[in-house]
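Inspection log for the structure reproduced underneath, given as C-alpha cells.
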Amino acid sequence: MEYLKRTTTCGALRAADVGQTVVLNGWVHRRRDHGGITFVNLRDRYGVTQVVVDDDASDAIKAAAAELKYEYCVAVKGFVRARPASMVNPDMDTGAIEVKAESIQVLTRCEVLPFMVDETSDAKEELRLKYRYLDLRSGRMQRHIRLRHEVAFAVREHLSGQGFYEIETPTFIRSTPEGARDYLVPSRLYPGKFYALPQSPQLYKQLLMVSGMDKYFQLARCYRDEDARGDRQPEFTQIDIEMSFVKRDDVLELVEGMMGHVFRKTLGHELPARFTRLAFDESIELYGTDKPDLRFDMRMKDFGAVASKSGFQAFKDALADGEARRAAAAAKGITQEGGAVKALVVPGKADYSRKQIEELEAAAKVYRAKGMAWMKVSAEGHLEGGASKFFVDIEKETLDFLGAKQGDLVLMVADAKKRVACQSLGAVRSKLGKDLGLCDPAKFEFAWIVDFPMFEYNEDESKWDTAHHMFTMPQERYHPTLESDPGAVKGDLYDLVMNGFEIASGSIRIHDPELQKRIFKIVGFSEEEGQRKFGFLTEAFKYGPPPHGGIAPGLDRLVMLMAGETSIKEVIAFPKNSFAVSPMDESPNEVDAKQLEELSISIVEAPDGSKKVEIKR
Ligand code: ASP
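By the numbering used here, the letter at position 330 of the sequence shown is numbered 353, and the numbering carries on one by one without gaps.
In C-alpha cells:
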C-alpha cells in the first residue's frame, strides 16, 4: 500500500491552521490513554504535534492507535482543530492545536528500545554511541547538530563574503611530521608505500598561497593518532584559514569578525568587536596558563619581592635557587627564568577548612609544585593560620600589596622555576573557578594570546623543539639571535582562547627559504631530512612565495562551548568513544584475508598472542 506522504511537518501547525486536513509523518514520542481517548505525540525534526483519537473514532482507527508503541514510524491523516482553552500548551510551538486522526498508518515498527529517546535520557555513553542513530533523535542532540550546521553555514557565509575561496585539499597525503602520529593508509598499487591522513592541511594551504589563491578556507577533517586522553577524537574538524599579504592583526581581525557573525547569526549573541590581547608571558603571570578562563578575575600576584622580606625560609630558598639558575644560564648568553613566589587572594574564603585547602594543594601538585602555603585574614584584619607567623613583621605591607581584606584566604606557591609556581597556582585558580561557580556557561569570554615563545626546550632529548609548527615566523627582532638564544625568541603566533579552552591557533609563516633552513637546523633537522620530509614545500618556495599567515579554529570545540557542553562527542554526529573505537560499527575492525592479500599485508601472531602487521614487498 502506498504510504500517506506528509503535507506538513510536526512543528508547523498553529491556531491559524484550524480547519485544515493534513498528513503528518513522524515517530511516536508519547502515547497516553485517557478512558476512551488516546493522545499520541508525533515527533519529527521540526517539533511535536498532538494527535487525538476520540471516543467516537471508528474501530479501525482505535485499533490502529492501540497498536502504536514508542518510536513507531507512522503516518497520520487528520483534521486540525483548536484545543479547548484549558488544554492549550504554551510550552509547545504547536500547543494551540491538535490533529483529530482520521486514519493511522504504521510505516515501520520499532523493537524494544535500548533507552528512551528523550531529553532526560541518562543512558551510559557507550550505549548512546552503540545506538547513536537513536541518540540523535533526542531533542538535545537534534539541537546540537542543528547548531553545528548553523555555525558551519555562518562561517561559510562570512568567509565567502570576505572573498575567501573554499578549497578542498587531499585526504591522502605524504606523511609529514606535524607533532602527532599519522594515520597511515597502505597503498595497494605500491606495496610497502603509504599515504598519510593529514593532521591538518597546513602544507597544502601554504602551497595554495604560493598559487596565488590569496584567501583560502576549508572545513577540514584532521586526523591524529594520539593516545586516548581527555576529550580527544581521532578525527576532528578545523575551520582552516590562510591568507596572503597579511600581518598578524589582519588575521586576528578576520577571526574577530567571523566569530562576531557566527555568534550573532546562531545564538543572537553580540560579541565585542575586538577581543582582549594578552601576551603569553602576561597570561602565565596572571593566570598561570595560556588558556585562561576570563569569565572570572582572581589574578595571581608576583609576591617574591615582599615574600623575600618574610621569615619564610622555603620561599627564600626557592628564590635564591631560581636566581642561581638564571644567572648561570645568563653567563652562557641564554635567557632563562628564575624562581617566583606567586600569591592568590580568594575573597571571603577564610572559612575554608583544612581539607578544602588540601584539595586545592593537590591541584597545585599536579603541576609539580612541592607544596602550597596559605594564610587567612581574620575579622580584625590580621594574618592568621598557616604561614602567617612568618609575615608578622611585614603584615601591613603584605596585606596592602596583595589587596587582601578581612575574611579573605591567601594561597601561595614558590618554586625555583617560575613557570612551575605560575602553572601550579594557576591550576588552583581554575579549580576555584569551578568550585565557586564562577564559570557561567552563558558567558563567552574570548582573548588572544600572542607573543608565544618560538621554541620549547625538550628536556628528554636535550634539544629545542618548535612550540607550534616549524613554519611559524620568528618575530623579526629575534632573527639575529635565533641560534644563540632560542629560549628568548618569540614567534609571530597566536592562540584564541575562550572560557579556558584553546579554540584556535595560528601564525604568520616563514616565506624565506633561508630562514626556514635555519629553523630546521635549530630543531635538529638535517638539510636532507628537511628536504625529504618537506621537500615539496621548500621547492615551491623557490618560486616567489608571498608573505602569508593563517589560523585554524576547531569547529568541534567551538560548537561544544556554544552548546554549553563539556565534551566534543556531544556535537559530533558519529564520534568514537574515549578509546578511539566506534561501538556502533565496531571500527577499527579486522578485514578479509583477501583485502590484506591485495595490500600485500599479512598479520602475524606472536606466541604471546600479540599481533604484528607485516608488509610483503
Ligand atoms: N595547522 C595548524 C594546526 O593544526 C593551525 C595553523 O597554524 O593554521 O594547529
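Ideal placement from N, C-alpha and C gives every residue a C-beta, glycine not left out.
Computed from a prediction, not measured in an experiment: that's the story for all the values here.
Alpha carbon to alpha carbon, how far is residue 438 from residue 444? Give it in angstroms, no decimals. Within the sequence shown, numbered from 1, the residue matching residue 444 stands at position 421. Within the sequence shown, numbered from 1, the residue matching residue 438 stands at position 415. So the two alpha carbons sit approximately 5 Å from each other.
Going by DSSP, what residue range makes up the alpha helix (DSSP H) through residue 438? Here residue 438 refers to the residue found at position 415 of the sequence shown. Residue range 432-438 is occupied by the beta strand (DSSP E) that includes residue 438, with no alpha helix (DSSP H) assigned at that position.
Residue range of the alpha helix (DSSP H) that includes residue 536: By 1-based counting over the sequence shown, the position of residue 536 is 513. For residue 536, the enclosing alpha helix (DSSP H) has its first and last residue at 536-545.
Beta-ladder partner(s) of residue 635, from DSSP: Numbered from 1 along the sequence shown, position 612 holds the residue referred to as residue 635. Partner(s): 627.
Going by C-alpha distance, which of 224, 184, 430 is nearest residue 197? Numbered from 1 along the sequence shown, position 174 holds the residue referred to as residue 197. Considering only alpha carbons, the answer is 224.
Just verifying my parser: in three-state terms, what is the DSSP assignment at residue 26? Numbered from 1 along the sequence shown, position 3 holds the residue referred to as residue 26. Of the three classes helix, strand and coil, the one that applies to residue 26 here is coil, per DSSP.
Give a single yes or no on whether residue 411 has its beta carbon closer than 7 Å to a heavy atom of the ligand ASP. Within the sequence shown, residue 411 is the residue found at index 388, counting from 1. No.
Proximity below 8 Å, CB of residue 383 to CB of residue 364: Numbered from its first residue, the sequence shown carries residue 383 at position 360. Numbered from its first residue, the sequence shown carries residue 364 at position 341. Their beta carbons are not under 8 Å apart, which means residue 383 does not touch residue 364 by this criterion.
According to DSSP, is residue 254 helix, strand or coil? Mapped onto the sequence shown, residue 254 falls at position 231. Three-state DSSP puts residue 254 in coil, outside helix and strand.
If residue 451 sits next to residue 397, beta carbons under 8 Å apart, how far is it from one beta carbon to the other, in whole angstroms? Here residue 451 refers to the residue found at position 428 of the sequence shown. Here residue 397 refers to the residue found at position 374 of the sequence shown. Not confirmed; about 10 Å, so no contact.
Does any heavy atom of the ligand ASP sit closer than 7 Å to the C-beta of residue 571? Here the question's residue 571 lines up with position 548 in the sequence shown. Relative to the ligand ASP, the beta carbon of residue 571 is positioned no closer than 7 Å to any heavy atom.
Looking at residue 528 and the ligand ASP, is the gap between the Cβ and the nearest heavy atom below 7 Å? Counted from its first residue, the sequence shown places residue 528 at position 505. Of the heavy atoms belonging to the ligand ASP, at least one sits nearer than 7 Å to the Cβ of residue 528.
Inside the segment 505-585 only - beta strand (DSSP E) runs reaching at least 3 residues: 516-521, 524-531, 571-576
Start-to-end residues for the alpha helix (DSSP H) that takes in residue 413: Counting from one through the sequence shown, the residue named residue 413 turns up at place 390. Note, residue 413: premise wrong, no alpha helix (DSSP H); not H, not E.
Within a Cβ cutoff of 6 Å, which residues of the same chain sit near residue 54, ignoring the five residues on either side of it in sequence? Position 31 of the sequence shown, counted from the start, is the residue given in the question as residue 54. If you ignore the 5 residues before and after residue 54, its C-beta comes within less than 6 Å of the C-beta of 63, 91, all in its own chain and listed in chain order.
For residue 217, which option in 236, 194, 466 has the closest C-alpha, if you only look at C-alpha atoms? One-based indexing of the sequence shown puts residue 217 at position 194. Residue 194 is the option with its Cα nearest to residue 217.
Below 8 Å, can you find three or more Cβ-Cβ pairs linking the segment 36-49 to the segment 82-89? no
On the DSSP bridge list, what partners appear for residue 267? As a first step, residue 267 must be located in the sequence shown, where it is residue number 244. Looking at the DSSP assignment, residue 267 forms a beta bridge with 571.
Leaving out five residues on either side along the sequence, give the residues of the same chain with a beta carbon under 7 Å from the beta carbon of residue 580. To locate residue 580, count along the sequence shown from 1; it is residue 557. Excluding sequence neighbours, residue 580 sits near 524, 526, 591.
Is residue 104 helix, strand or coil when you go by DSSP? Locating residue 104 in the sequence shown gives position 81, where the first residue counts as 1. Here residue 104 sits in strand by DSSP.
Output the residue ranges of the beta strand (DSSP E) runs that lie fully inside the segment 183-237 and measure 3 residues or longer, sorted by chain position. 206-209, 217-220
Which ranges does the alpha helix (DSSP H) cover as unbroken runs of at least 4 residues, wholly within the segment 425-490, from first to last along the chain? 441-458
Can you find a heavy atom of the ligand GTP that lies under 7 Å from the Cβ of residue 341? Looking for the ligand GTP in the displayed structure turns up nothing; the ligands present are the ligand ASP.
Out of 413, 400, 447, 440, state which residue places its alpha-carbon closest to the alpha-carbon of residue 427. If you number the sequence shown from 1, residue 427 lands on position 404. The option with the nearest alpha carbon to residue 427 is 400.
Leaving out five residues before and five after residue 322 in sequence, what residues of the same chain have Cβ atoms less than 6 Å from its Cβ? Taking the first residue of the sequence shown as position 1, residue 322 is located at position 299. So the list reads 309, once near-sequence residues are dropped.
Please classify residue 373 as buried or exposed, where buried requires at least 16 other C-beta atoms within 10 Å of its C-beta. To locate residue 373, count along the sequence shown from 1; it is residue 350. Buried, since its Cβ has 16 or more Cβ neighbours within 10 Å.
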